[in-house]
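Undergrad: Numbering (the working numbering), first residue to last: 78 to 469.
Handing you a structure now.
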């Protein structure tokens with residue numbers, strides 16, 4: 078009752094509640110709770126809050142809490158300042174802020190292409206949904222809603238994004254800004270997704286495919302047609318082909334050296350070039366002799382051709398969902414083993430697959446380059462022979 082009826086006077090006065098707690102009444106009429114205490118033989122005061130916003134009961138509870146801090150040797154003024162600064166800091170530590178910081182830390186060890194892919198996915202799928210949430214306020218259910226939105230059109234991408242968010246959370250944990258990975262268990266709420274193999278034609282469909290490829294020679298842009306043929310002859314990954322540079326190719330030795338930073342397994346890879354492959358490269362040299370890339374983009378010649386160009390060409394040939402750029406690798410492996418009788422180890426080495434066992438790793442140490450040179454020429458000759466017989 079005294080608190081409610083306290084009237085302002087010409088000077089500041091106080092109404093004591095005991096144990097250092099008192100209500101300070103100012104001439105302006107403002108009333109606020111303050112606590113007087115001693116620490117390290119010094120008398121100090123701390124503001125608890127205004128009245129009536131802070132009731133007498135709440136002020137007394139705060140007094141007891143502060144007394145507990147004092148028993149532990151903590152100065153409540155500094156504890157209050159720490160809480161204030163921590164709250165401000167946490168509000169600034171949004172998911173986007175920490176994600177960009179994590180991304181910047183990985184730039185030194187990641188390839189430029191992977192770094193660009195990671196940032197693009199974060200910007201496209203997460204920042205507009207959860208980017209502005211302070212990480213300490215972000216709840217798993219909010220992340221799940223973000224992932225389920227992605228899952229509607231791209232189930233595999235939803236799981237990839239979950240993994241990226243997990244990386245950001247773990248980075249926040251080791252930098253002392255989060256105490257747990259917020260994505261743990263969320264996969265249970267996502268649909269089960271079984272990733273299939275890349276589409277590829279069967280061996281018995283090869284003659285028809287070669288006829289279709291050569292038959293579309295006039296309908297495809299010349300560089301695109303040559304790209305599909307070279308991909309068929311070398312069976313490298315699509316990205317390894319379209320980003321190839323003239324500096325990587327030795328036309329005299331008939332060798333293409335793909336640098337480690339462009340390889341999936343981060344190890345340089347040698348591709349022996351058959352006579353047919355060299356003929357294609359010589360024609361491309363005439364087309365693009367002044368360009369850095371063997372297959373430059375048409376609208377942006379300083380950039381490589383898009384990976385999607387190969388898929389578009391296959392679609393125009395009538396092989397949509399039946400053949401992909403990656404499918405040439407599976408097809409080549411079947412030809413080399415079943416038709417040309419090369420060992421799995423030699424064929425697999427040309428595919429630059431990761432060794433899966435100690436035996437495979439032993440074979441991997443042997444480059445098999447002489448055998449692979451012979452193999453690549455026989456493979457190219459086999460394709461020519463199949464086309465010749467199909468055409469006749």
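All C-beta atoms, glycine included, are put in the ideal place defined by N, C-alpha and C.
The structure presented is a predicted model; accordingly, all values stated were derived computationally and were not measured.
At which residues does the alpha helix (DSSP H) containing residue 310 begin and terminate?
TA: Looking up residue 310 in the chain shown gives position 233. Looking at the DSSP string, the run of the alpha helix (DSSP H) that includes residue 310 is 299-311.
Undergrad: Could you spell out the range, first to last residue, of the alpha helix (DSSP H) harbouring residue 175?
TA: As a first step, residue 175 is located in the chain shown; it is residue number 98 there, counting from the start. Segment 172-183, the alpha helix (DSSP H) holding residue 175.
Undergrad: Provide the residue(s) that pair with residue 334 in DSSP beta bridges, ordered along the chain.
TA: Taking the chain shown and counting its residues from 1, the one referred to as residue 334 is at position 257. Bridge partners of residue 334: 347.
Undergrad: Kindly indicate which residue of 313, 290, 310, 123 has the alpha-carbon position closest to the one of residue 302.
TA: As a first step, residue 302 is located in the chain shown; it is residue number 225 there, counting from the start. Among 313, 290, 310, 123, the Cα nearest to that of residue 302 is on 290.
Undergrad: Could you check which residue in 374, 381, 329 has the C-alpha nearest to that of residue 356?
TA: Working through the chain shown from its first residue, we reach residue 356 at position 279. When each option's Cα is compared against that of residue 356, the closest is 329.
Undergrad: Is it right to say residue 223 is buried, meaning 16 or more other beta carbons lie within 10 angstroms of its own, or is it exposed?
TA: Residue 223 sits at position 146 when you count from the first residue of the chain shown. Buried, by the Cβ-count rule.
Undergrad: By Cβ distance below 7 Å, which residues in the same chain neighbour residue 268 in space, the five residues on each side in sequence not counted?
TA: Numbered from 1 along the chain shown, position 191 holds the residue referred to as residue 268. The answer, listed in chain order, is 228, 232.
Undergrad: Taking residue 265 as the reference, which of 236, 284, 277, 318 has the closest Cα?
TA: One-based indexing of the chain shown puts residue 265 at position 188. Among 236, 284, 277, 318, the Cα nearest to that of residue 265 is on 236.
Undergrad: How is residue 278 classed by DSSP in three states: helix, strand or coil?
TA: For the purposes of this step, residue 278 is identified with residue 201 of the chain shown, where counting begins at 1. It is coil, neither helix nor strand.
Undergrad: With distance defined between alpha-carbon atoms, name the residue in 288, 210, 279, 139 nearest to residue 465.
TA: For the purposes of this step, residue 465 is taken as residue 388 along the chain shown, with counting starting at 1. Ranking the options by Cα distance to residue 465, first place goes to 288.
Undergrad: Looking only at C-alpha atoms, which of 86, 117, 95 sits nearest to residue 106?
TA: Within the chain shown, numbered from 1, the residue matching residue 106 stands at position 29. It is 86.
Undergrad: When the distance is taken between beta carbons, is residue 310 closer than 8 Å to residue 344?
TA: Residue numbering aside, residue 344 sits at position 267 when the chain shown is read from its first letter. Residue numbering aside, residue 310 sits at position 233 when the chain shown is read from its first letter. Contact flag unset, no.
Undergrad: What are the complete alpha helix (DSSP H) segments, minimum 4 residues, inside the segment 174-254?
TA: Correct list: 189-202, 204-207, 217-228, 232-251.
Undergrad: Look at the alpha carbon of residue 304 and the alpha carbon of residue 210, and state the distance between them as a whole number of angstroms.
TA: Your numbering for residue 304 matches position 227 in the chain shown. Your numbering for residue 210 matches position 133 in the chain shown. Approximately 46 Å between the Cα atoms of the pair.
Undergrad: Candidates 201, 363, 144, 146: which alpha carbon is nearest residue 173's?
TA: What you label residue 173 is simply residue 96 of the chain shown in a count that begins at 1. Comparing Cα-Cα distances from residue 173 to each of 201, 363, 144, 146, the minimum goes to 201.
Undergrad: By the three-class DSSP mapping on this structure, what secondary structure does residue 113 have?
TA: As a working note, residue 113 is residue 36 in the chain shown. Of the three classes helix, strand and coil, the one that applies to residue 113 here is strand, per DSSP.
Undergrad: Return helix, strand or coil for residue 371, following the three-state DSSP convention.
TA: By one-based count along the chain shown, residue 371 stands at place 294. Residue state, collapsed to three classes: coil.
Undergrad: Once the 5 residues before and after residue 413 are set aside, which same chain residues still bring their CB inside 7 Å of it?
TA: Counting from one through the chain shown, the residue named residue 413 turns up at place 336. These residues qualify, in order along the chain: 419, 424, 452, 456.
Undergrad: Drop a sphere of 10 angstroms on the beta-carbon of residue 382, count the other beta-carbons inside from all chains shown, and report buried for 16 or more, exposed for fewer.
TA: Within the chain shown, numbered from 1, the residue matching residue 382 stands at position 305. It is buried - the Cβ of residue 382 has at least 16 other Cβ atoms within 10 Å.
Undergrad: Residues in the same chain with beta-carbon distance under 8 Å from residue 428, minus the five sequence neighbours each way, listed in chain order, please.
TA: By 1-based counting over the chain shown, the position of residue 428 is 351. Excluding residues within five positions, the ones whose Cβ falls inside 8 Å are 312, 406, 409, 410.
Undergrad: Quick check: the segment 359-371 against the segment 235-249, are at least 3 beta-carbon pairs closer than 8 Å?
TA: The segment 235-249 is not in contact with the segment 359-371.
Undergrad: Which residue from 113, 283, 195 puts its Cα closest to that of residue 141?
TA: Taking the first residue of the chain shown as 1, we reach residue 141 at position 64. Nearest C-alpha to residue 141: 113.
Undergrad: Taking DSSP as the reference, what is the three-state secondary structure of residue 396?
TA: One-based indexing of the chain shown puts residue 396 at position 319. Three-state DSSP puts residue 396 in coil, outside helix and strand.
Undergrad: Excluding sequence positions up to five away, which residues of its chain have a Cβ less than 7 Å from the Cβ of residue 247?
TA: By one-based count along the chain shown, residue 247 stands at place 170. Counting only Cβ-Cβ distances below 7 Å, and skipping sequence neighbours, we find 258.
Undergrad: Using DSSP's beta-bridge definition, name the partner residues of residue 126.
TA: Residue 126 sits at position 49 when you count from the first residue of the chain shown. Beta-bridge pairing links residue 126 to 110.
Undergrad: Using C-beta distances below 6 Å, list every residue in its chain close to residue 442, excluding the 5 sequence neighbours before and after it, in chain order.
TA: Counting from one through the chain shown, the residue named residue 442 turns up at place 365. Any reading at residue 442 needs caution, since the residue's pLDDT is 45, under 50, leaving its predicted position unreliable; the model's value is listed next. Correct list: empty, nothing qualifies.
Undergrad: Which class does residue 121 belong to by DSSP, given the choice of helix, strand or coil?
TA: Locating residue 121 in the chain shown gives position 44, counting from the first residue. If DSSP states are grouped into helix, strand and coil, residue 121 belongs with the strands.
Undergrad: In the DSSP output, which residue or residues are listed as bridge partners for residue 101?
TA: The count along the chain shown starts at 1 and reaches residue 101 at position 24. 91, 109.
Undergrad: How would you write the range of the alpha helix (DSSP H) that residue 151 sits in, first residue to last?
TA: For the purposes of this step, residue 151 is taken as residue 74 along the chain shown, with counting starting at 1. From DSSP, residue 151 is part of no alpha helix (DSSP H); its letter is neither H nor E.
Undergrad: May I ask which residues mark the beginning and end of the alpha helix (DSSP H) holding residue 291?
TA: Walking along the chain shown from the start, residue 291 turns up at place 214. Counting along the chain, the alpha helix (DSSP H) containing residue 291 begins and ends at 283-292.
Undergrad: When the distance is taken between beta carbons, is residue 315 closer than 8 Å to residue 475?
TA: A query on residue 475 cannot be resolved here, the shown segment of the chain reaching from 78 to 469 and no further.
Undergrad: According to DSSP, residue 463 sits in a beta bridge with which residue or residues?
TA: Start at 1 with the first residue of the chain shown, and residue 463 comes out as number 386. Residue 463 is not bridged to any residue.
Undergrad: So, are the CB atoms of residue 121 and residue 156 less than 8 Å apart?
TA: Residue 121 sits at position 44 when you count from the first residue of the chain shown. Residue 156 sits at position 79 when you count from the first residue of the chain shown. Their beta carbons are not under 8 Å apart, which means residue 121 does not touch residue 156 by this criterion.
Undergrad: Measure the Cβ-Cβ separation of residue 98 and residue 137 and say whether it is below 8 Å.
TA: Sequence index remark: in the chain shown, residue 98 carries index 21 (1-based). Sequence index remark: in the chain shown, residue 137 carries index 60 (1-based). Yes. Within cutoff.
Undergrad: In this structure, does DSSP put residue 258 in helix, strand or coil?
TA: Looking up residue 258 in the chain shown gives position 181. DSSP places residue 258 in coil when its eight states are reduced to three.
Undergrad: What are the start and end residues of the alpha helix (DSSP H) that includes residue 359?
TA: The count along the chain shown starts at 1 and reaches residue 359 at position 282. Residues 352-365.
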